[in-house]
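First to last, the protein sequences are chains F and W. Quick note, in the numbering used here, the first sequence goes up one by one and the last residue is 329. Quick note, in the numbering used here, the second sequence goes up one by one and the last residue is 1264.
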Amino acid sequence: MLRNSPEDTWHDHEPIVHVEKLVKRYRHSGTAAVDGLSFDVRSGEFFAFLGPNGAGKTTTISILTTTLAKSSGTVSIGGYDLDRQAKDVRQSIGIIFQNPSLDLNLTAEENIRFHVSLYGIYDYRPTYRMMPRAYREKVLELAEVIGIAQDIFKPVKRFSGGMKRKLEIIRSLMHKPKVLFLDEPTLGLDAISRRSLWYYLQKIHREEKMTIFLTTHYIEEAEEADRICIVNHGRMLFSGSPGEMKNLMVSKYLVIDAEDRDSLSSELTGFGAEPMEDGSLKVRFSESTPQNILSQIKTPLSFMRLHEPTLEEAYIDLVSNGQDKEEAS
Amino acid sequence: MLIQRELNAVVTVCARDLLRYIRDWKNTLGFSFFFPIAFLGILGGTIGQNMGAGLGYDYMQFALLGMIANLLVQFTMMGVTSLIEERESGFTQEIFVSPVSRYSILFGKILGGSLGSLVSLIALFIVAFAMGIPLSLAGVGSILLVTPVLFLLGGALGILLSGTFGSSPKAVDRATIMVMFPQMFLSGALIPVKNSTGLLSVFVHLMPATYLVDLLRGVFYRGTPVYGQVVLYNPMVDLIISVALAMAFLVLGSYLFVRSERNR
Chain F
1 MLRNSPEDTW HDHEPIVHVE KLVKRYRHSG TAAVDGLSFD VRSGEFFAFL GPNGAGKTTT
61 ISILTTTLAK SSGTVSIGGY DLDRQAKDVR QSIGIIFQNP SLDLNLTAEE NIRFHVSLYG
121 IYDYRPTYRM MPRAYREKVL ELAEVIGIAQ DIFKPVKRFS GGMKRKLEII RSLMHKPKVL
181 FLDEPTLGLD AISRRSLWYY LQKIHREEKM TIFLTTHYIE EAEEADRICI VNHGRMLFSG
241 SPGEMKNLMV SKYLVIDAED RDSLSSELTG FGAEPMEDGS LKVRFSESTP QNILSQIKTP
301 LSFMRLHEPT LEEAYIDLVS NGQDKEEAS
Chain W
1001 MLIQRELNAV VTVCARDLLR YIRDWKNTLG FSFFFPIAFL GILGGTIGQN MGAGLGYDYM
1061 QFALLGMIAN LLVQFTMMGV TSLIEERESG FTQEIFVSPV SRYSILFGKI LGGSLGSLVS
1121 LIALFIVAFA MGIPLSLAGV GSILLVTPVL FLLGGALGIL LSGTFGSSPK AVDRATIMVM
1181 FPQMFLSGAL IPVKNSTGLL SVFVHLMPAT YLVDLLRGVF YRGTPVYGQV VLYNPMVDLI
1241 ISVALAMAFL VLGSYLFVRS ERNR
């Protein structure tokens, strides 16, 4: 249901982001960067949008955040139609771009003040002290939570990459967006800054119950997502939970070895055991545990390892299979 | 409520530009004094000393008014085109995802660029004072009276350049220079154009700054004996042409800019 006026209410059970048959063809480009994408994001969901370079992630997020015009398709966010109610869409979202979008000549607080004034939350005042008490308290509270309270009045040009990202998070939370878009937010950050940023993002997601729409190259960042959508060449390859993705795409297996390899091998004939390079045996299984296989083994084992598929393996599997199919066709 | 929000956005965009000028005061001051010294002090001074004697009016005062019109237009124009430079740093994205009209953003940039260019007006007055160019309080008043029109056309030109060449900051920089220098030499700012004929006369009348320079001189010299020697048209004609050009540039430039932002 689309909202026609602010009085119309948007209901939590409706998808907060609705994308249908979205297409984007750049000028002077023969192929579509986004080619008929359709998906929904539910309210409060942590939605990860994955794909290799050139998959159409940034194009999609740019369209959803109204900075790029689509070629065709329909999009609604928070019940507002992207074409007819772009301003309402912009009021409903927060975004952290791939590259920091801060004014380096201003202090951290001035960047925030500029943001809240543009979003019409507070009228612009030339100094922090002249801003309303509610603003001052909110800035300090968020700066404390995110961990840059000491630096909030310092020029942004002195900030590290991680601090800039944290400042962008504070800024994007000031107008209480319904959906927070994060376009590869940890790109270029060191491991410590990445971990710290993720800690705060997950905290915000939990405590504020905010819908998070994330694009990332780092697959491990999507492990905590409620739902994953994988795209390549502008088309959807997969949509489901991280668990579903692992189960669908990669089988689990057991690596075992014994002094008496011949005896072990003969016991596992019915399970399709494959010899590995070092002579140990790899036995695939689809049940939740390898109990069935282990119960058949009488030969004393010298080695045993259970291989749980990672999301990264599933992702690589999925993207490579998709590419192979496209090349074949 | 909606109007108040848009007005607040205009004030915010303008205030940010002013804050940036203040923070970057060394560059702001350096830039504001460089052009008056280079063009009025050195170029104007040389022309005045060697060729200004037989004109029948004070050449340096004539050149000062020409430089005021040209520099205020150019600085306002450059204040607006800074929006394109900021696209490279990603900051434009922050502005353009905010729920305010694109037109409010552009108007805020014009206002910010205009107020920022007032520094160069003060610099011009200081250079004029240092060079002993006669300038009465009434003369300063008449200059200030015309400045809103200079800002308007300068800002509109900036928006037109941003909309037309907004694909890259380099393209905008090149276009700014291509617009700036012909205006400087063909608008009659430093070199009188009253007697220009043929193709040069056509170029003179194609320069938007010609009408601004003439408007400023028309108001400044009104009622003085040299009025007929230095002024091309009635100030009202200059005003109508300047405002009409500004409106045309604003409408076309805003349309092209907003379209280029989203339609890639």
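Even glycine gets a Cβ: it sits at the ideal position worked out from N, Cα and C.
- In this structure, DSSP gives Asn105(F) a state outside helix and strand, which the three-state scheme calls coil.
- At a cut-off of 4 residues, the continuous stretches assigned as alpha helix (DSSP H) that sit fully inside the region 142-223 of chain F are 161-173 and 191-208.
- About 7 Å separates the Cβ atoms of Val1179(W) and Leu1157(W), confirming a contact at the 8 Å cut-off.
- Taking 8 Å as the CB threshold, Phe1096(W) lines the interface with chain F.
- Scanning Asn292(F), Val255(F), Glu244(F) and Arg284(F) for the CA closest to the CA of Ala314(F) turns up Glu244(F).
- Within the same chain, Leu68 come within 7 Å of Ser62(F) by CB-CB distance, once the 5 residues on both sides are set aside.
- Between the alpha carbons of Gly30(F) and Val1213(W) lies a gap of roughly 49 Å.
- The region 1095-1106 of chain W and the region 1186-1201 of chain W do not touch, with fewer than three beta-carbon pairs separated by less than 8 Å.
- Restricting attention to Ile95(F), Leu167(F) and Lys209(F), the CA atom closest to the CA of Glu144(F) is found in Leu167(F).
- In summary, Thr1076(W) is buried, with 16 or more beta-carbon neighbours lying within 10 Å of its beta-carbon over all protein chains present.
- Counted as a single uninterrupted DSSP element, the beta strand (DSSP E) harbouring Asn232(F) occupies residues Arg227 to Asn232.
- Glu110(F) has a beta carbon lying within less than 8 Å of a beta carbon in chain W.
- Using a Cβ-Cβ distance cut-off of 8 Å, the region 82-99 of chain F and the region 147-163 of chain F are not in contact, since fewer than three pairs of beta carbons, one from each stretch, lie closer than that value.
- For Ser117(F), the chain W residues whose Cβ falls inside 7 Å of its Cβ are Asn1008 and Thr1012, in order along the chain.
- Per DSSP, reduced to three states, the secondary structure at Ser38(F) is strand.
- According to DSSP, Arg305(F) shares a beta bridge with Val255(F).
- DSSP places Met236(F) in the uninterrupted beta strand (DSSP E) bounded by Arg235 to Gly240.
- Within its own chain, the residues whose Cβ lies closer than 8 Å to the Cβ of Val319(F), once the five positions on either side in sequence are excluded, are Gly51, Pro52, Ile230, Asn232 and Leu237, listed in chain order.
- When rounded, the separation of the alpha-carbon atoms in Gly73(F) and Arg84(F) is 13 Å.
- Under the three-state reduction of DSSP output, Gly44(F) falls in the coil class, being neither helix nor strand.
- Taken in chain order, the members of the region 1014-1029 of chain W whose beta-carbon sits within less than 7 Å of a beta-carbon on chain F are Ala1015, Arg1016, Leu1019, Arg1020, Arg1023 and Asp1024.
- Secondary structure note for Thr1046(W): its alpha helix (DSSP H) is the uninterrupted segment Gly1045 to Met1051.
- Contact of Phe1091(W) with chain F by beta-carbon distance below 8 Å involves Ser101, Leu102 and Asp103.
- Contact of Arg90(F) with chain W by beta-carbon distance below 8 Å involves Val1097, Ser1098 and Pro1099.
- Shown in chain order are the members of the region 66-82 of chain F whose Cβ falls below 8 Å from a Cβ of chain W: Thr66, Thr67, Leu68 and Ala69.
- Counting C-beta pairs closer than 8 Å gives fewer than three between the region 185-199 of chain F and the region 23-39 of chain F, which falls short of the contact rule.
- For Phe285(F), the uninterrupted beta strand (DSSP E) segment begins and ends at Leu281 to Phe285.
- Phe97(F) reaches chain W at Gly1090, Gln1093, Glu1094 and Val1097, counting residues in chain order whose Cβ is nearer than 9 Å.
- Scanning chain F for C-beta atoms nearer than 9 Å to the C-beta of Arg1174(W) yields nothing, as the closest lies near 22 Å away.
- Take Ser71(F), set aside five residues on each side of it, and the residues of its chain with a beta-carbon closer than 6 Å to its own are Val23, Lys24 and Arg25, in chain order.
- The beta carbon of Arg1102(W) does not come within 8 Å of any beta carbon belonging to chain F, so the residue lies off that interface.
- Rounded to the nearest whole angstrom, the CA to CA distance from Ile219(F) to Ala258(F) is 35 Å.
- Residue burial annotation: Gly1141(W) is exposed, with fewer than 16 other C-beta atoms found within 10 angstroms of its C-beta.
- Collapsing the DSSP output to three states places Phe97(F) in coil.
- Using a Cβ-Cβ distance cut-off of 8 Å, the region 200-213 of chain F and the region 116-135 of chain F are not in contact, since fewer than three pairs of beta carbons, one from each stretch, lie closer than that value.
- Of Leu82(F), Ile256(F), Ile212(F) and Gly54(F), the smallest CA-CA separation from Pro177(F) is found for Ile212(F).
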